[in-house]
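4 protein chains.
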Amino acid sequence: MTAQPSIQRKTRKELLSEWRHAEVLDAAGRIFAARGYSATNVEEIAKEAGMAKGTIYLYFKSKEEIFAEVLGRDLQALTDRTIEAMSAAEMFSGRVKIFLNLRLEYLRSKQNFLRIYLDEFASRSARPKPVADAMDKMFRRDLEFMQWCVVRAMARDEIRQVPAEAAAYAIFDLARGFVQRHLNGWTPLTLEEDVAFVHSMILNGLQKDKS
Amino acid sequence: MTAQPSIQRKTRKELLSEWRHAEVLDAAGRIFAARGYSATNVEEIAKEAGMAKGTIYLYFKSKEEIFAEVLGRDLQALTDRTIEAMSAAEMFSGRVKIFLNLRLEYLRSKQNFLRIYLDEFASRSARPKPVADAMDKMFRRDLEFMQWCVVRAMARDEIRQVPAEAAAYAIFDLARGFVQRHLNGWTPLTLEEDVAFVHSMILNGLQKDKS
Amino acid sequence: MTAQPSIQRKTRKELLSEWRHAEVLDAAGRIFAARGYSATNVEEIAKEAGMAKGTIYLYFKSKEEIFAEVLGRDLQALTDRTIEAMSAAEMFSGRVKIFLNLRLEYLRSKQNFLRIYLDEFASRSARPKPVADAMDKMFRRDLEFMQWCVVRAMARDEIRQVPAEAAAYAIFDLARGFVQRHLNGWTPLTLEEDVAFVHSMILNGLQKDKS
Amino acid sequence: MTAQPSIQRKTRKELLSEWRHAEVLDAAGRIFAARGYSATNVEEIAKEAGMAKGTIYLYFKSKEEIFAEVLGRDLQALTDRTIEAMSAAEMFSGRVKIFLNLRLEYLRSKQNFLRIYLDEFASRSARPKPVADAMDKMFRRDLEFMQWCVVRAMARDEIRQVPAEAAAYAIFDLARGFVQRHLNGWTPLTLEEDVAFVHSMILNGLQKDKS
DNA sequence: TATGAATGAGCTTTCATTCAT
DNA sequence: TATGAATGAAAGCTCATTCAT
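Chains as they are written, first to last, in the numbering used here: chain A, 25 to 235; chain B, 25 to 235; chain C, 25 to 235; chain D, 25 to 235.
Here it is, written out as structure tokens:
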């Protein structure tokens, strides 16, 4: 079999290109997390990524695009893992526990990401459209899955009848608050105690009337 | 009784000054709400307030100060009203209902304010210290009152034993999500339906085990 | 004799007006001396003069005009006194001594004025034309008198033959340096010692050859 | 011998950078000389240097820094040349002549520089500290050398006993006045005539009593 | 492909001057 | 006459983006 240099080289180039792309995203993630969107400047990202400012623009059209991808990439991963892991549990109670534990694990491993996620998700309205859209899309997928879980739990009579979408939101809201509390050191509870409390809030909040 | 022109004149001037001050805050509130902090420029605020850029600086030392006051003013009012109104109810259930209804009323009358509050509260970490501090202080007051309500409800055996601070946070988280949902048009529920659901989530979530 | 109210009132008004005019100049003199021309702002002058900013503009067309008059007024006084006092001496040597002693006295009583005079005289070229012109005019009068003294001294055979204008300049240069030295604390000499030295420099410098 | 491209390239870049740096200084020198410090704005310097405003800030941190360097650069050169050239003469009389001729030569070749030097040196007190300090340092060096020359001349019995520092100042004062006179066209004397006169003023002024 | 110097629009803030009262 | 609130041009400086090398 003879060499296929053109393909190989192209592939190599593509790999290199992807690698650079990812390096920028990593660096940008760190800087955005530390400073927020507007206070971060491209020069810093370039320095953090170990390349020149101009090089950044070979891989991204604008600062905004970098930001959108930074959020998108991590959200994608979180969303994928969340859906996959929750699917493994049968009962709603278990699924909520898994959901919370995943958030908790993320809290431990990706404080940076969560910080920008929380900051910028809330600031969505002030952000350029594309960024807001990218964030919404990811968030929606997660939320829809949770909503589906709620619907299923109602059908299986595990929880009382509630508006499914609002319930899914409520779960996300409680989880978001939980993460924020610990990120900012706003609570004396240990992570485990707090997870247990939030879990009980959700399940009690949605439980069937014990009449 | 003869006129007291000096007092009158002084009062009139002071009133005018306060009026201008307030006009800037109103205008700034609208613009900040629409664009966020960094994307807002002083020129626009001036235009919105119907005055020249320089005039703004007669009433405020800096853009940052305007922002701090915009947030502070509305937060103060909301906090005051919340604490006062909740105190009027005896039972925890009633207090939560009042809390949610106040948030709902605010949602209706002050969409602008809520938007910045939500945006910038979440972006706290990226804000200049003084702004973040002002926001925290107000929020703390509200939260502490809610926490005290939770403690009292536990003592009166209205709800189960829970970590009071975490419970107070959970209530705020659910309320925040509720407001955000409606602000962004993210739910098909009417405001009343949603308030009822969130109320049931909180009370069920904290209710005594019906075992 | 009946009253002549119109004239009287007009006179009174004129007096008041002149009084205000002078008050502004006094205040401006202090501030300009402390901060220099560009670093002084009209607000400060108004505050120092105990009146409102707008009032200033009833008496002066511009900040620049104030400055020109401040310099002009003091220069006028200094020039008048200098010429008058020097005329009282018969011999050139005595005149130079008087000249230096007047500068010295001014140094003691009008440090402020001298500071602006020195600063701004040297910066003449950077100043608006009218200011530079006013300064020049005053300075010229002084200089011309000194030049005339030199011519007379040569005619009376008190000093050697020198270019009179250049000699007058030289005397002013030495006096200026002397004042600057002491204003800035740049010399260990006492005022008296320094005056004596400068006097000897001038007289020796211009003396007849002792061949 | 093969090429050393890395070194060459680096050198080239450095050269280019220094060249730009110098271009800004040259342009700034011209504008500052024409308008003075505060009346000069960065935009104009940029235009004069044929580059954009932002480019200036790649080479200098602030307008003030540009100014300090403009003055510093020329003062350095003048000071160095002055000290070196004066050292070549043996007698005090010769040194003073060299000193004056150097000033004269500078007057011819660097009118711009002298203008700012004179302007801003006198306005020292109104300047930002670092600028004033830089100017003082240079001036001091020159002055100290002159003072040392005076001391030496006294020791060698070339001149009479005088306070050395005051004498050095006097020489500078006379030279300053001489330059100013010609810069502003205030004298009918030719440069040569005036130099001769100032020289005689200094030497006569300091000469031993011919008693 | 990679660079980083260059750009210039845009920012916040100051202040001489005007003008309604 | 006296006021000081209002004005808006202009300043110094930053930084996302472009482009010659």
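Glycine included, every Cβ here is placed at the ideal spot set by N, Cα and C.
Out of the options, state which residue places its alpha-carbon closest to the alpha-carbon of residue i.
i       : options                           : result
F163(B) : A76(B), Y81(B), D104(B)           : D104(B)
L230(A) : I195(A), V219(A), N208(A)         : I195(A)
H45(B)  : A58(B), R59(B), A70(B)            : A70(B)
L128(A) : A76(A), W43(A), R205(A)           : R205(A)
D98(C)  : V66(C), A57(C), L207(C)           : A57(C)
V219(D) : R176(D), S117(D), F169(D)         : S117(D)
L95(A)  : A112(A), L126(A), K161(A)         : K161(A)
D197(C) : G53(C), L167(C), R184(C), S62(C)  : L167(C)
E93(D)  : A51(D), G78(D), F169(D)           : A51(D)
M110(C) : A177(C), G78(C), A76(C), I90(C)   : A177(C)
I55(B)  : Q171(B), E72(B), K37(B)           : E72(B)
Q17(A)  : E216(A), R165(A), Q185(A), T79(A) : This structure gives no information on residue 17(A), because the portion of chain A shown stretches from 25 to 235.
V61(C)  : S41(C), H223(C), T211(C), E89(C)  : The sequence given here has Tyr at residue 61(C), not Val. It is E89(C) whose Cα lies nearest to the Cα of Y61(C).
L131(B) : R59(B), W43(B), Q171(B), N208(B)  : N208(B)
D181(A) : M115(A), I122(A), L126(A)         : M115(A)
E217(A) : A188(B), L215(B), W210(B)         : A188(B)
H223(C) : E38(C), Q171(C), G53(C), I122(C)  : I122(C)
W43(A)  : R59(A), E68(A), G74(A)            : G74(A)
K232(C) : R36(C), W172(C), A179(C)          : A179(C)
G53(A)  : S41(A), L40(A), L39(A), E68(A)    : E68(A)
L102(D) : L126(D), L40(D), A63(D)           : L126(D)
Q171(B) : S133(A), T211(A), I183(A)         : T211(A)
R184(A) : I183(B), N228(B), A112(B)         : N228(B)
S41(B)  : T64(B), R59(B), T79(B), A63(B)    : T79(B)
Suppose contacts are defined by Cβ-Cβ distances below 8 Å. Is residue i in contact with residue j by that definition?
i       : j       : result
Y83(B)  : V48(B)  : yes
L213(D) : A190(C) : yes
K87(D)  : V120(D) : no
V174(D) : A192(D) : yes
I226(B) : F169(B) : no
V186(C) : F91(D)  : no
At which residues does the alpha helix (DSSP H) containing residue i begin and terminate?
i       : result
S261(C) : In the structure as shown, chain C begins at 25 and stops at 235. Residue 261(C) is therefore absent and cannot be evaluated.
Q204(C) : 188-207
K251(D) : Outside the shown range of chain D, which is 25 to 235, sits residue 251(D), and nothing can be said about it.
K121(B) : 116-133
K232(B) : Run containing K232(B): none; DSSP gives neither H nor E here.
I69(B)  : 66-73
Checklist entry - If contact means a Cβ-Cβ distance below 9 Å, which residues of the stretch 186-209 of chain B contact chain A? => result V186, P187, E189, A190, A191, Y193, A194, F196, D197, L198, A199, R200, G201, F202, Q204, R205, L207, N208
Checklist entry - Between the stretch 210-229 of chain C and chain D, which residues of the former have CB atoms less than 9 Å from a CB of the latter, in chain order? => result W210, T211, P212, L213, E217, D218, F221, V222, S224, M225, I226, L227, N228, G229
Checklist entry - Can you list, in chain order, the residues of the stretch 57-91 of chain D whose Cβ is nearer than 7 Å to any Cβ on chain C? => result R59, G60, S62, A63
Item to check | Within 8 Å of chain D by C-beta, residues of the stretch 166-179 of chain C in sequence order | outcome: Those would be none; no residue qualifies.
Checklist entry - In the stretch 94-111 of chain A, which residues sit with their C-beta less than 7 Å from some C-beta in chain B, listed in chain order? => result none
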